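Chemist:
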Amino acid sequence: MTIFYPPHLRALFTDRERELDLLQHAATSLAQGRPRHLALFGLRRIGKTLLLLEHLTRLIETSPLGPVRPVYVDFEELVTSPELFSRRYIGLVCFWALTQGEGQIEDFLTPTALLGGPAAGLRAVAQTLAALESARDDPATQVTLALDFPEKLAAELDCRLLLLLDEFTELAVLGNYPTVRRPKHIFRAAMQRHGRLGYVIAASAISAMQELIQDGSSPLFLQFELLEISRFPSDATLELMERILGGTPAPGSGRRLHQLSGGHPFYIHAIVARLAELDRPVSEIEAEDVLQAFMLETLSRRGQIYNYCRYLYDVSLQHARGYGILKAILQVLAEEEGLTLSELARRIHKTAPTTRGYLRALQEVDIVAESEGAYYYRDAVLRYWAANTVRGIEVDPFATRSALAPLIVDLEARHSRLATELGRAKESQVREVLRQLAGRQVNGVLLGASGIV
């Protein structure tokens, strides 16, 4: 297991108890013959893969080779051609079902190795590989055989298999082959034939995953329960900070870290890793140090956050049409969020229908989100990075606090402005509630008071 989930990564696993409970309930239901299928989605690097691996590890630790055996498959690495996908999918299912992640995975990735190694003697393996060979000219049949294989193996082993399929939306790549055409339909048809399998699928493509599960025209409509993997709450941010540093920093530093990172685990880790390089006791690390580390990580070319944002920005725009206009929209939103369609259209000198099309493209690649008719960056850190890099602002990797002072003042002003805007929005909500109450008596607990008000 250590090759897939190294001890140093597991030592940093934080929070997610609610999600782990839901995954455990799904495993228990599967053991009882009532499969539940879950779909995990969330921002990139939010911790979906770690959650899957933690759940898998706990299942193996509590019941090795028990009634429910977990299988982990990363579709991003696996999905290439139909033939390669089919053979490797079968091999990985065997690897996890038979060894629980121990041993040499290479012994399972070719038919020769499978038939002459740990899977020798298993009817399901021999029969499926023979059928694959017979279907060399029919890729759709090969994919179907591969997807049906775990059910046959589970029956032969007299167990149930929990399939943890990471980056599941990559399955669509098989649709590039005309002979396969509709891989999601093939997957749905296979699911209907399975009684010994539970599925947990995960993906970073939020919009694509939601469309896959919630769109009535999708073959997987209502086949999965959606589970969003959210950012950390403030207490989990501090907990992860303490785990990385090996101690407790000065009061206020955890709160500042949560404010700057937005509770995103990757950003938390990058900032705190920078803090760990400071030559001072952990207890002396203060909020100002956190702010400086954030600046260096986000605006220095050597920063992990800088390079992640650059990658996210460039890759997302490459997958959408109209690079120049899309970039212009992102620049406008980086400077001022919460703009409506008509406001954005005026800023970029396009018609509203044309602008709507570009915004839809940005929503599909999960950079922009819409709420109550206004548009925002999904990721506040990405927005901050974009707002500065578009103006050519970069900092030296070893910049001092005094050198960063103008940027710090600007960032503090941004946060102050945001807090004011949120406060006004909350005041508006309260006024609306009071207007609707119109003199009625209600339990004071609802308004933070005691008794009847």
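Residue numbers for the sequence shown follow our numbering, beginning at 15 and rising by one. The C-beta atom is built at its ideal place from N, Cα and C for all residues, glycine as well. In this text the structure is predicted, and so the values were computed from the model without any measurement.
1. Give every residue of the same chain whose Cβ lies closer than 8 Å to the Cβ of Val194, excluding the five residues on either side of it in the sequence, and list them in chain order.
2. Could you check what DSSP says for Arg150 in three-state terms: helix, strand or coil?
3. Which stretch, first to last residue, makes up the beta strand (DSSP E) that contains Asp180?
4. Can you check which of these residues, Leu331, Val296 and Arg324, is closest to Leu259 by C-alpha distance?
5. Kindly indicate which residue of Thr124, Phe308, Tyr320 and Ile381 has the alpha-carbon position closest to the one of His333.
6. To which residues of the same chain is Gln306 closer than 7 Å at the C-beta, ignoring the five residues directly before and after it?
7. Quick test of your reading: Arg202 and Gln237, contact by CB under 8 Å. State the CB separation rounded to the nearest angstrom.
8. How would you write the range of the alpha helix (DSSP H) that Leu37 sits in, first residue to last?
9. To the nearest angstrom, report how far apart Gly12 and Ala134 are at their CA atoms.
10. Could you tell me the distance, in whole angstroms, from the CA atom of Leu129 to the CA atom of Gly212?
11. Go ahead and label Ala427 buried or exposed: buried means 16 or more other beta carbons lie within 10 angstroms of its beta carbon, across all protein chains shown.
12. Locate the beta strand (DSSP E) running through Arg83, then write down its first and last residues.
13. Since I believe Tyr389 is in contact with Leu525 (beta carbons under 8 Å), could you give me their beta-carbon distance rounded to a whole number of angstroms?
14. Where does the unbroken alpha helix (DSSP H) through Gly105 begin, and where does it stop?
15. Under 8 Å, with one C-beta from each stretch per pair, do the stretch 259-279 and the stretch 394-401 reach the 3-pair mark?
16. Report yes if the CB atom of Pro164 is closer than 7 Å to the CB atom of Leu175, and no otherwise.
17. Among the candidates Pro84, Ala127 and Ala111, whose CA atom is the shortest distance from the CA of Arg101?
18. Taking DSSP as the reference, what is the three-state secondary structure of Phe235?
19. Going along the chain, which residues of its own chain have a beta-carbon closer than 6 Å to the beta-carbon of Phe280, five neighbours each way excluded?
20. Take the Cβ of Pro263 as the centre, count every other Cβ of all protein chains shown within 10 Å, and call the residue buried at 16 or more, exposed below.
Modeler: Reading it off the structure:
1. Translated into positions along the sequence shown, residue 194 becomes position 180. Within the same chain, Val194 has close Cβ partners Pro96, Pro153, Ala154, Val157, Leu188 and Ile200.
2. By one-based count along the sequence shown, residue 150 stands at place 136. Three-state result, Arg150: coil.
3. Taking the sequence shown and counting its residues from 1, the one referred to as residue 180 is at position 166. Asp180 -> beta strand (DSSP E) spans Arg174 to Asp180.
4. For the purposes of this step, residue 259 is taken as residue 245 along the sequence shown, with counting starting at 1. Checked all of Leu331, Val296 and Arg324; the closest Cα to Leu259 is Val296.
5. Your numbering for residue 333 matches position 319 in the sequence shown. When Thr124, Phe308, Tyr320 and Ile381 are compared, the shortest CA-CA separation from His333 is found for Ile381.
6. Locating residue 306 in the sequence shown gives position 292, where the first residue counts as 1. The answer, listed in chain order, is Arg415 and Leu418.
7. Here residue 202 refers to the residue found at position 188 when the sequence shown is read from its first residue. Here residue 237 refers to the residue found at position 223 when the sequence shown is read from its first residue. Correct: roughly 7 Å between the Cβ atoms.
8. Residue mapping note: residue 37 aligns to position 23 of the sequence shown, counting from 1. First-last of the alpha helix (DSSP H) with Leu37: Glu31 to Ala45.
9. The structure shown does not extend to residue 12, since the chain is modelled only from 15 to 467, so the question has no answer here.
10. Your numbering for residue 129 matches position 115 in the sequence shown. Your numbering for residue 212 matches position 198 in the sequence shown. Their backbone Cα atoms lie some 26 Å apart in a straight line.
11. As a position in the sequence shown, residue 427 is number 413, starting the count at 1. Burial call: exposed.
12. For this step, residue 83 is matched to residue 69 along the sequence shown. Run containing Arg83: Val82 to Asp88, per the beta strand (DSSP E) assignment.
13. The question about residue 525 has no answer here: the residues shown for the chain are numbered 15 through 467.
14. Within the sequence shown, residue 105 is the residue found at index 91, counting from 1. Counting along the chain, the alpha helix (DSSP H) containing Gly105 begins and ends at Pro96 to Thr113.
15. yes
16. Here residue 164 refers to the residue found at position 150 of the sequence shown. Here residue 175 refers to the residue found at position 161 of the sequence shown. Cβ atoms of Pro164 and Leu175: closer than 7 Å.
17. Here residue 101 is taken as the residue at index 87 of the sequence shown, counted from 1. Of Pro84, Ala127 and Ala111, the residue nearest in Cα terms is Ala127.
18. For the purposes of this step, residue 235 is taken as residue 221 along the sequence shown, with counting starting at 1. Phe235 falls in the coil class under three-state DSSP.
19. Walking along the sequence shown from the start, residue 280 turns up at place 266. Around Phe280: Arg59.
20. Locating residue 263 in the sequence shown gives position 249, where the first residue counts as 1. Pro263 should be labelled buried.
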